[in-house]
Each structure stands twice: as structure tokens, then as C-alpha cells.
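Trainee:
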Amino acid sequence: MSMLPWPRWHGPAMARLWRLCWLAVGFWRASLACPVPCKCSASRIWCTEPSPGIVAFPRLEPNSVDPENITEIFIANQKRLEIINEDDVEAYVGLKSLTIVDSGLKFVAYKAFLKNSNLQHVNFTRNKLTSLSRKHFRHLDLSDLVLAGNPFTCSCDIMWIKALQETKSSPDTQDLYCLNESSKNTPLANLQIPNCGLPSARLAAPNLTVEEGNSITLSCSVAGDPLPTLYWDVGNLVSKHMNETSHTQGSLRITNISSDDSGKQISCVAENLVGEDQDSVNLTVHFAPTITFLESPTSDHHWCIPFTVRGNPKPALQWFYNGAILNESKYICTKIHVTNHTEYHGCLQLDNPTHMNNGDYTLMAKNEYGKDERQISAHFMGRPVIDYETNPNYPEDLYEDWTAATDIGDTTNKSNEIPSTDVADQTNREHLSVYAVVVIASVVGFCLLVMLLLLKLARHSKFGMKGALLPWGRSEYVSPNTALTGEQQVLEAETPFLKDLTGGISSVDSSEKGHVRVPLGAH
45 MSMLPWPRWH GPAMARLWRL CWLAVGFWRA SLACPVPCKC SASRIWCTEP
95 SPGIVAFPRL EPNSVDPENI TEIFIANQKR LEIINEDDVE AYVGLKSLTI
145 VDSGLKFVAY KAFLKNSNLQ HVNFTRNKLT SLSRKHFRHL DLSDLVLAGN
195 PFTCSCDIMW IKALQETKSS PDTQDLYCLN ESSKNTPLAN LQIPNCGLPS
245 ARLAAPNLTV EEGNSITLSC SVAGDPLPTL YWDVGNLVSK HMNETSHTQG
295 SLRITNISSD DSGKQISCVA ENLVGEDQDS VNLTVHFAPT ITFLESPTSD
345 HHWCIPFTVR GNPKPALQWF YNGAILNESK YICTKIHVTN HTEYHGCLQL
395 DNPTHMNNGD YTLMAKNEYG KDERQISAHF MGRPVIDYET NPNYPEDLYE
445 DWTAATDIGD TTNKSNEIPS TDVADQTNRE HLSVYAVVVI ASVVGFCLLV
495 MLLLLKLARH SKFGMKGALL PWGRSEYVSP NTALTGEQQV LEAETPFLKD
545 LTGGISSVDS SEKGHVRVPL GAH
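Numbered according to the numbering used here, the sequence shown spans residues 45 to 567.
#1: Note down the Cα distance separating S147 from K83, rounded to an integer number of angstroms.
#2: By how many angstroms is the C-alpha of S141 removed from the C-alpha of Q164?
#3: Would DSSP call F337 helix, strand or coil?
#4: Look at the Cβ atom of D132, then the Cβ atom of A100, and state whether they are nearer than 9 angstroms.
#5: For L173, tell me which candidate among N160, L186, I144, Y365 has the shortest Cα-Cα distance.
#6: Identify which residue in D188, N160, R178, L184 has its Cα closest to the Cα of T169.
#7: Quick check on this structure: which residue in P243, S161, W90, N171 has the alpha carbon closest to the alpha carbon of R182?
#8: Over the uninterrupted beta strand (DSSP E) stretch that includes E320, give me the two end residues.
#9: Just to confirm my understanding: we take H291, look at its own chain, exclude 5 residues before and 5 after, and list those with CB closer than 7 angstroms. What are they?
#10: Can you tell me the Cα-Cα spacing of W90 and C222, whole angstroms?
#11: So, using beta-carbon positions, are I376 and L394 closer together than 9 angstroms?
#12: Tell me, to the nearest whole angstrom, how far the beta carbon of I335 is from that of F351; I am working on the premise that it is less than 8 angstroms.
#13: Pick from E225, N396, K379: whose alpha carbon is nearest that of H389?
#14: What are the start and end residues of the beta strand (DSSP E) that includes K415?
#15: Less than 9 angstroms between the beta carbons of V318 and C240, yes or no?
#16: Mapping DSSP to helix, strand and coil, what is P111?
#17: Classify R246 as helix, strand or coil using the three-state DSSP reduction.
#18: Whose C-beta lies closer than 6 angstroms to the C-beta of L501 among residues of the same chain, with five residues either side of it excluded?
#19: Three or more C-beta pairs closer than 8 angstroms, one from the region 226-235 and one from the region 272-279: is that the case here?
#20: Excluding the five sequence neighbours on either side, which residues of its own chain have a C-beta within less than 8 angstroms of the C-beta of M425, listed in chain order?
#21: Identify every residue that forms a DSSP beta bridge with F364.
#22: So, do the region 250-268 and the region 336-346 have three or more beta carbon pairs nearer to each other than 8 angstroms?
#23: Could you tell me which uninterrupted beta strand (DSSP E) segments, each at least 3 residues in length, are contained entirely in the region 252-338, listed from first to last along the chain?
#24: Measure the C-alpha to C-alpha separation of D305 and K179 and round it to an integer number of angstroms.
#25: Would you list the residues sitting across from F118 in a DSSP beta bridge?
#26: For I298, count the other beta carbons within 10 Å of its own beta carbon; 16 or more makes it buried, fewer makes it exposed. Which is it?
#27: What residue range does the beta strand (DSSP E) around L586 cover?
#28: Pick out the complete beta strand (DSSP E) segments inside the region 127-175, 3 residues or longer, and give them in chain order.
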């Protein structure tokens, strides 16, 4: 009896099998790390069984499932859970939703959620909270904070909850109450506590437009009851700074101001139990331009010489080509692609450059506080190869003498001090010489053509010539029997081309029988 072969898994079926295996392993690892009364998955922890229940906030075992992958913790019916300590929740940095309902929660540490910046939803419904500070949540961007069903004490400590509810679009979403001195429920919306209100902050700042390297002092005053705390929020200020504060007054001294701080915001903050207020100013730093980046050209849709320039106020940019001002056009122009307050990223864009555009390009950035220059050498394409054997008359210095002024700009060589007008005059003179030669050649050719036509007409005239035209303007007929003189014979032998011009000895015309027309030489 032969055994059947094992089935072989291929393609998508095998992929699904592996996926199920890894999922099972994940659940197994999570279950091993999970506290005994709770259940865990790769991203969720829930503790809902009242018995035996938990007495502390659930923590995963070390070296188990990564706690940063946990996004939701749900706890219910845990009457012995009373405290959330500062380090209970810090490992769950990816936590987005925290729910503790129908439990015995009484106290939450001020810094319990300091490292949970992703926390968006908090639900503490029906617990034993008598007070809750706003400092727990001031650094969070919460979308939901549900606190209904807690026995809050009517005091200034919970007035921030009332203020928070009043800022919501629908303040009646929660029925919040507090217990007054008579242990009676008072709607939080109707609660009035004397000497308990939001603070205020006022910043007395001079003109915050300063030059790099200078110093400046900011002053701030705060007010409120309860008395607020004053502090400065300087963000990531680079410049050296120090502050002095009293109860209601504070000052901030910034020295040797850096250009890196231009555009940054500085805030004076007043905070008390009810809430906080702040007043802010923006720092503007003026400084000389700096070209921080300039590279050789790159080719994309167009050729581009990339650059980065810093400066405030915005620097004016000027390009030079081989030491001369580059006049920009639609074929060569400066493009700014990204602006970051005082930093400008762009390129000198060239449309289909040739070897005539090869050379040194200099960028100058200038404003009222100074200037900066940087230079690069650009090579777009090689010079065309000319076969001088095939074209022996091709001028070798064509590319050295010709300048693409319309494409490159003002290419006047300032070192040689040759103004562009002299070059134009020289070009005009060369053009006039060419025109003169052409006109003269045309006139000479026309005259030769007229002479040939006249001779042609004279040769084929039906009247012929009655005799030879003597040099002094009279004709002479020569009898056929008349012998030529010696001088005429010599002239006849030495000037044979006259026969061609006059057709030689003409045939005897019927009206001129007995006479022969012969050419006569000059006497």
C-alpha cells in the first residue's frame, strides 16, 4: 500500500498560510506578556473582568510585545484601580485612546501623560475623581475628554472644565455636576466661584526688527485671580537668552541675535488653575546675504544652475557670464522655486544651451547690509567638429569671433575695455564692404552681357556691313582683285580674333557682286 504524497502549497495559498502563522505567533506572544486579568493583542489591551481585577495600571512584560504599538487601552469594572502614576503610561507612546469607566480611579499624576503626545480620546466616566488639574492635558490636542459621573468638589480647581465645555460647539454633550458645601449636586455650567477666573498676559515689546548681532529686551506683565504663573515660551531659539520674573512682571534678554532666529515666535504665558493666556511676537532679523549653495548645471526639462541664498531683506540677484553682466531673457532667466522665510532655493534656467553658453557663471546676491558672490564653471556641450579637408575654405576662427549676444546677454569683455558700440561699428563696415563688392560685380556682369548681345545682333544682321569701318569713321570697299598691302597682311595675321568678332570675310551679297568685304586694320 503506497502512501499518498503530501499536498504542496504554492502561490497565494502559501502566503495566506504564513500570514495566519505569524498572526497566531503574535497573539501567543501578546498573551504571554499580558497581565493575568486582562487580554491583549498586538495593538490593544482590555481589562473588563471585575474578579480578580487589577489594582494597578496594566503593564506588559519586558522584552515582549512592543508597548509603542499599543494604540488603545480599555479598562472597566476595576474598583480597586485608584491611581495612575507618572510612569504607568509612558511606555505606550503610540496610545491614542484611553478609557477607564465604572472603576475606582481617584488620582492622576500631573505628568502621567507627558510622553503620550498622540493621545486624542480620554474617557474617565463614573469614577471617584474629586478634582482634576488641567496640567494633565495642556500639552495634548484632545478631541474628546469625557468626565461625566465623577463626584467633583465645587472649587476653582475644576473651573477649567467649565471653561473647556464653554468653548465646545455643543456644551450640553455632558451632564457634569459638582458637590457643594452642602453635598448637593450643582450643575457645572451654573457654577460661580469668586476670585476664580482666566489670567491675562500682555507683552510690551519694542520694534522686533533687529540687525544680526544686536541685542534686545522684552517685557511682559500678567494678571489674574488666582495669581498666575509667568513663563516664557521661546521654542527652539538659537540666540543666547536669559529671563527674570517676579510675581506679575517678567523680562527676556536676547543677546547676539542670530540670523537663524528670524521669523521665530516668542510668547509670554500666564497660567493659573482655570487656564492660561499668552501674548506673542515674531522676531525679524536683518542680515547680509550669503550664497550657501551653488552647483554645476543639471539637465531636467531645462538646464538649471541650482543655488540657495539667505538674506533679509530679500537680496537682489545678478548673474555674470565670463565677467560681464548677463542680461536675462525668456531663454535664460532666474527661477525661485522654494522660499523659506529668509532662504531662497532656485536656479538659473537655460533653454537649450549650446557650446556658446559654456563658461564661468557668477552669482551676486546683494541687499542693504552687504553682498556675497560665488562662481562655477558650466559646460553644456562640446564645440562642433569641422572637417577642414572637406571644407578647406571654412574659416577656422568662426566660433572664436562670433558671439551670441541675444542669448547670453552683454558679453562685453570689461578687462579689454572694448565697448559694444565699437564691435557694432566694425560689423557695419564689414557689411558695407560686402555690399559694395556685390554691386560692382553686378554692374560689370551686366555690361559684359550687353556687349555680347550687341555683337550677336551685329553678326546676324540681314543687311550685313557694307564695308570695313575704318578707325577714322569711314567705310572702304575693297575689290576682290585688290591685293592687300604688307601692313594689312601683317595685321590680318596678328589679329585673328577680329575674324571671329566680325565673322571673317562675309559672303558675297547679290547686290554687291564684284566686291568683297574685308576687315581693315588701323593705319
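Yeah, the Cβ is synthetic: ideal placement off N, Cα and C, and Gly gets one too.
Mentor: Quick look at the numbers:
#1: 17 angstroms
#2: 6 angstroms
#3: The three-state reading of DSSP puts F337 in strand, counting E and B together.
#4: yes
#5: Ranking N160, L186, I144, Y365 by CA distance to the CA of L173 puts I144 first.
#6: Relative to the Cα of T169, the nearest Cα in the group D188, N160, R178, L184 belongs to D188.
#7: S161
#8: DSSP places E320 in the uninterrupted beta strand (DSSP E) bounded by 320-326.
#9: L271
#10: 30 angstroms
#11: yes
#12: 6 angstroms
#13: K379
#14: 414-422
#15: yes
#16: helix
#17: strand
#18: none
#19: no
#20: By the criterion of a C-beta distance shorter than 8 angstroms, M425 is surrounded in its chain by P397, T398, H399, N402, once the five residues flanking it on both sides are discounted.
#21: I369, T406
#22: Contact between the region 250-268 and the region 336-346 is not established, with fewer than three Cβ pairs separated by less than 8 angstroms.
#23: 253-255, 260-267, 273-277, 284-289, 293-299, 309-315, 320-326, 328-338
#24: About 29 angstroms.
#25: W90, T143
#26: It counts as buried.
#27: Look at the range of the chain in this structure, 45 to 567, and you will see that residue 586 is not part of it.
#28: Correct list: 141-145, 165-167.
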